[in-house]
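In my numbering, the protein residues as written are 3 to 416.
Okay, structure coming up:
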């Protein structure tokens with residue numbers, strides 16, 4: 003998988019370098035700094051051995067050869083990401099720190115007008131495709147096709163089409179109601195990594211700053227925050243504005259638990275957990291329990307694992323979606339270890355085998371970037387990293403997932 007990712011990031015570098023900005027940096031010094039931090043990560047120590055260590059060193063040499071002179075800042079960012087891509091660690095990240103537009107400026111008409119006179123705006127990557135022809139072509143794609151026209155809320159229409167390698171995809175602005183973007187500008191690149199999973203190299207909607215988000219599922223007409231026009235099925239998403247801690251009785255035989263967040267960093271969340279756990283311990287009585295982990299943001303096992311003992315002996319129906327991550331995924335696997343458990347819904351994100359206890363962040367010497375390395379290892383879950391945990395039963399995207407789960411419970415009882 004690492005070879006595919008590296009090739010694709012290099013491919014994007016070729017595409018975008020001709021559009022790069024004029025500001026440069028000493029990328030070699032930043033690369034050395036990033037490599038030093040990467041080598042301390044549990045994921046590096048577990049994975050980068052033998053042939054992979056040789057590959058890591060060879061890539062370092064190749065990238066260094068491109069850094070003999072100061073290079074363009076965004077090109078440097080891509081090269082740093084390429085080095086990190088050899089370690090399968092979705093939690094680890096490098097952030098681009100330079101501000102193109104602040105969020106405040108992005109709402110200021112005069113500031114945006116000034117920004118549009120800058121080289122940075124004029125040299126932003128643009129599609130080479132004719133927009134009229136592209137939009138016509140994409141409008142004919144079927145709803146099940148990855149290519150097509152997508153919406154970013156009601157603010158933009160994005161055309162997604164295959165790159166020349168027929169594996170990765172490009173997202174280009176077709177229409178925009180926000181003035182800092184214009185039709186023809188590229189909004190993101192999708193790099194195929196593992197089956198339905200893609201890394202998204204994107205430009206922030208408000209500030210236009212580049213970034214990378216890893217291991218996003220591309221299915222049901224959705225990739226990250228972009229939804230295909232005409233596909234209105236969204237039942238994989240949790241109930242809007244629902245609390246992170248929900249316990250309720252659905253019928254005489256079935257109770258429902260929703261966990262949205264196991265974070266122990268928040269004092270408020272820990273206090274909520276204590277009260278919630280006490281309530282569940284006292285009132286969990288049904289033989290069937292739905293455990294809803296859709297969009298669970300992860301956190302600490304100290305807030306998740308105590309529920310395992312309460313659920314032991316119950317018929318447990320676990321629901322996940324493509325945004326269920328980290329400790330939420332670990333908890334999913336632990337629940338699946340119960341004798342009477344069944345996993346439903348959608349494959350999880352795949353950000354499971356490593357993590358951050360302290361969450362230290364380090365600015366690179368140039369000041370243009372910030373690396374957030376991982377410092378926790380759960381390597382026993384490595385087979386799911388960047389891939390996710392796949393459910394036994396996929397649920398339909400156009401019907402309520404709780405109702406579908408109840409139907410399955412009733413069928414199991416027959």
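Ideal Cβ positions, reconstructed from N, Cα and C, are used throughout, including at glycine. Predicted, not measured: the structure shown is a model, and the values here were computed from it.
- Secondary structure note for residue 415: its alpha helix (DSSP H) is the uninterrupted segment 403-415.
- Boundaries of the alpha helix (DSSP H) harbouring residue 32: 29-40, taken from the DSSP string.
- Residue nearest to residue 76 within the set 63, 37, 28 is 28 (criterion: CA-CA distance).
- Sorting 375, 348, 363, 351 by C-alpha distance to the C-alpha of residue 357 places 375 at the top.
- Between the beta-carbon of residue 346 and that of residue 321 there is about 5 Å, and that keeps the pair under the 8 Å contact cut.
- Assignment of beta-bridge partners to residue 372 by DSSP yields 97, 365.
- Residue range 111-117 is occupied by the alpha helix (DSSP H) that includes residue 114.
- Taking C-beta atoms as the reference points, residue 39 and residue 373 count as a pair closer than 8 Å.
- Counting only runs of 4+ residues, the alpha helix (DSSP H) found wholly inside the segment 124-209 occupies 133-141, in chain order.
- Between residue 221 and residue 198 the beta-carbon gap is near 5 Å, inside 8 Å, which marks them as a contact.
- In this structure, DSSP gives residue 355 a state outside helix and strand, which the three-state scheme calls coil.
- Taking C-beta separations shorter than 8 Å and ignoring five residues to either side along the sequence, the partners of residue 114 in its chain run 103, 107, 108, 181, 182, following chain order.
- Under the three-state reduction of DSSP output, residue 378 falls in the strand class.
- Non-local beta-carbon contacts of residue 393 in its own chain, meaning distances under 6 Å to residues more than five positions away in sequence, involve 345, 346, 347 in chain order.
- Within the segment 253-298, the alpha helix (DSSP H) runs of at least 4 residues that lie entirely inside it are, in chain order, 269-285.
- With a beta-carbon spacing of about 7 Å, residue 410 and residue 395 fall inside the 8 Å limit used to define contacts.
- By alpha-carbon distance to residue 216, the top candidate from 46, 208, 341, 203 is 203.
- A direct Cα-to-Cα measurement between residue 171 and residue 230 gives close to 14 Å.
- Taking residue 281 as the centre and dropping the five residues before and after it, the same chain places the C-beta of 249 closer than 7 Å to its C-beta, in chain order.
- The secondary-structure analysis by DSSP pairs residue 396 across a beta bridge with 347.
- Beta-bridge partners assigned by DSSP to residue 219: 199.
- Rounded to whole angstroms, the separation of the alpha carbons of residue 69 and residue 30 is 6 Å.
- Contact between the segment 309-323 and the segment 285-295 is present: three or more C-beta pairs spanning the two stretches fall below 8 Å.
- Distance from residue 129 to residue 225 at the Cβ level is roughly 17 Å; contact not present, criterion being Cβ atoms closer than 8 Å.
- Annotated as proximal: residue 303 and residue 329, with beta-carbon spacing under 8 Å.
- Under the three-state reduction of DSSP, residue 340 is assigned to coil, being neither helix nor strand.
- A straight-line Cα-Cα distance of about 51 Å links residue 336 and residue 117.
- By the beta-carbon neighbour count (other beta carbons within 10 angstroms, threshold 16), residue 236 is exposed.
- Out of 166, 246, 287, 269, the CA that lies nearest to the CA of residue 253 is found in 287.
- If you draw a straight line from the Cα of residue 167 to the Cα of residue 192, it is about 12 Å long.
- Beyond the five residues adjoining it in sequence on each side, residue 91 comes within less than 6 Å, by CB distance, of 45, 356, 376 in the same chain, given in chain order.
- In this structure, the straight-line span from the alpha carbon of residue 86 to that of residue 41 is close to 10 Å.
- If you look at residue 318, you'll find it in the beta strand (DSSP E) that goes 317-322.
- Non-local beta-carbon contacts of residue 312 in its own chain, meaning distances under 7 Å to residues more than five positions away in sequence, involve 282, 283, 286 in chain order.
- From the listed residues 387, 365, 359, 367, the smallest Cα separation to residue 378 is found for 359.
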